[in-house]
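J.: Starting off with a structure, shown below.
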DNA sequence: TTGCAATTGTTGCAAATGCAACTTATAGAA
DNA sequence: TTCTATAAGTTGCATTTGCAACAATTGCAA
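Protein chains in written order, with my numbering: chain A, 21 to 167; chain B, 21 to 167.
Printed below as a string of structure tokens:
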């Protein structure tokens, strides 16, 4: 009986102090909000990092894109299918390798950029709205260390 | 042309400074490791919070469990199906409401508790292993504020 | 020069998930 | 007392995702 009280207390301690659990909670909330805002642009959080990576580096291969943030090739392929279908990106034949594509933003894709940046800015602002300036600086420093 | 350089630089800035993006990266890594460790116990990250909630509060209804951490009823139902099938939890008839269940940990479920606590402890330790004591304290304080 | 292990990317299929419709039951307004 | 809106929970179905098999291609060791 005392042992069950121990377990109950431990479970409560996990819920209230586990950094991992809190990060998951926060990440889920962020992801849900991100999905909402991206849906308006006919995008999802699967498309977003691909789009952003190509906006930063025009001409990467699919393997390189996936390598930038750990997304498997089948998911890259599917995200590109969607982004290509909506005219935001295009696959081009690699100059020297017939089995490889290079991925390029189109004008449509470039026009998405400011909207994506704005979504990011707003969600990040909302995320830290209750933190002091010092806490914000420390938070970013720590996150940078953990990534 | 200059505008494309701007967008490329902005995309890079997002990648390297966005708290939201970094949180998503960290959360994904944590989730992946959690899935790995839970798989050994024939559990997933969908089952974990349900199990932990019941270990903390024996006898909650499904609606109450879902309300604790924002999990929809159909997902609670499915997680309970699995946990019940593996003998870790049991649904009981609510004493005064025929359409409601109360959820209880079984002995099998209670035996899972120390293993779950240990998984949490190890992953949390690994998470902050590169942080100083001061950074760890600040990090937890900030996360508690953001949740 | 040749052969094969590895690479790049795609896709079929099974499993998981999101959603809405559904059933049974109940609280409370009329 | 009766009726209905809401509640608790389940599940069918469409969509998404994970995985592994696959085709075409290439780099490099033998």
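All C-beta atoms in this analysis are idealised placements derived from N, C-alpha and C, irrespective of residue type, glycine included.
None of these values were measured; they are calculated from a predicted model.
Among residues of its own chain, excluding the 5 on either side of residue 65/A, which ones have a beta-carbon nearer than 7 Å to its beta-carbon?
T.: The answer, listed in chain order, is 51, 54, 55, 58.
J.: With DSSP as the reference, label residue 118/A as helix, strand or coil.
T.: Coil.
J.: If we count the other Cβ atoms within 10 Å of its Cβ and call it buried at 16 or more, is residue 38/B buried or exposed?
T.: By the neighbour-count rule (16 or more Cβ atoms within 10 Å), residue 38/B is buried.
J.: Whose CA, out of 113/B, 134/B, 45/B, 41/B, lies closest to the CA of residue 147/B?
T.: Among 113/B, 134/B, 45/B, 41/B, the Cα nearest to that of residue 147/B belongs to 45/B.
J.: Along the segment 38-62 of chain A, what residues have a CB closer than 7 Å to any CB found in chain B?
T.: Those would be 38, 39, 40, 42, 43, 44, 45, 46, 47, 50, 51, in chain order.
J.: Can you say whether residue 22/A is buried or exposed, counting buried as having 16 or more other CB atoms within 10 angstroms of its CB?
T.: By the 10 Å Cβ count, residue 22/A comes out exposed.
J.: Ends of the alpha helix (DSSP H) at residue 50/B?
T.: From DSSP, the alpha helix (DSSP H) with residue 50/B extends over 39-59.
J.: Using only alpha-carbon positions, find the residue among 81/B, 88/B, 78/B, 79/B that is nearest to residue 69/B.
T.: Checking every option, the nearest Cα to that of residue 69/B belongs to 88/B.
J.: Taking residue 114/B as the reference, which of 62/B, 122/B, 107/B has the closest Cα?
T.: That would be 122/B, whose Cα lies nearest to the Cα of residue 114/B.
J.: Distance check for residue 67/A and residue 175/A, CA to CA, integer angstroms please.
T.: No statement about residue 175/A is possible, as the shown extent of chain A runs from 21 to 167 and does not include it.
J.: Does the Cβ of residue 27/A have 16 or more other Cβ atoms within 10 Å, making it buried, or fewer, making it exposed?
T.: The residue in question, residue 27/A, is buried, as its Cβ has 16 or more Cβ neighbours within 10 Å.
J.: Would you list the one or two residues that DSSP bridges to residue 125/B?
T.: According to DSSP, which records beta bridges pairwise, residue 125/B is partnered with 109/B.
J.: Check whether the Cβ of residue 133/A lies closer than 8 Å to any Cβ atom in chain B.
T.: Output row for residue 133/A: interface = yes.
J.: How far does the alpha helix (DSSP H) with residue 66/A in it reach, from first residue to last?
T.: Per DSSP, residue 66/A belongs to no alpha helix (DSSP H) and is neither H nor E.
J.: Beta-carbon of residue 147/B versus every beta-carbon of chain A: anything under 8 Å?
T.: Yes, residue 147/B counts as interfacial toward chain A.
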